[in-house]
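Below: the structure, in structure tokens.
In the numbering used here, the protein residues as written are 3 to 130.
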């Protein structure tokens with residue numbers, strides 16, 4: 003990948019990560035997020051960040067991993083050491099969604115010129 007291509011995709015990913023995060027955070031702050039699901043995952047990741055059993059009083063499970071086995075939640079636990087709260091989950095989700103733009107760009111870059119590849123990556127990002 004050429005240096006200018008790398009810079010372009012980094013700018014695109016950073017822009018969409020920020021846009022997704024701001025959109026999600028504003029929705030959450032204005033009571034537009036799903037409080038039920040957010041409450042479940044906030045409690046589970048909070049417990050995991052304290053090396054406890056991932057319980058959820060919202061869902062009624064003493065061990066959430068017995069219902070859904072999602073080991074990726076363990077990777078989010080260290081984020082709660084810095085900033086515990088649902089906003090952290092929203093920001094992490096935004097970054098992970100934005101990171102998915104890179105493989106789309108690389109796949110498109112193998113088949114098209116840089117212009118169309120960037121256009122496809124941006125189109126994908128707009129419809130995420």
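Beta carbons are placed, not taken as given, at the ideal position from N, Cα and C, and that holds for glycine.
Within 10 Å of its beta-carbon, does residue i have 16 or more other beta-carbons around it, so buried, or fewer, so exposed?
i	result
residue 76	exposed
residue 53	exposed
residue 11	buried
residue 88	buried
Whose C-beta lies closer than 6 Å to the C-beta of residue i among residues of the same chain, with five residues either side of it excluded?
i	result
residue 1	Residue coverage of the chain in this structure runs from 3 to 130, which leaves residue 1 outside it and unanswerable.
residue 66	46, 56 and 58
residue 110	119 and 122
residue 29	35
Can you give the Cα-Cα distance for residue i and residue j, rounded to whole angstroms?
i	j	result
residue 47	residue 80	9 Å
residue 22	residue 68	31 Å
residue 15	residue 104	8 Å
residue 32	residue 113	42 Å
residue 70	residue 86	22 Å
residue 51	residue 62	19 Å
residue 37	residue 5	43 Å
residue 43	residue 107	31 Å
residue 13	residue 19	10 Å
What are the residues that DSSP puts in a beta bridge with residue i?
i	result
residue 63	58
Here's a check: name, in chain order, each residue in its chain whose Cβ is nearer than 8 Å to the Cβ of residue i, leaving out the five neighbours to either side.
i	result
residue 26	35, 92, 93, 95 and 96
Grab me the residues of residue i's own chain with a C-beta within less than 7 Å of its C-beta, minus the 5 sequence neighbours each way, in chain order.
i	result
residue 99	22 and 130
Could you pull out every unbroken alpha helix (DSSP H) segment of at least 4 residues lying fully inside the stretch 3–60, listed in chain order?
-> 5–31 and 37–51
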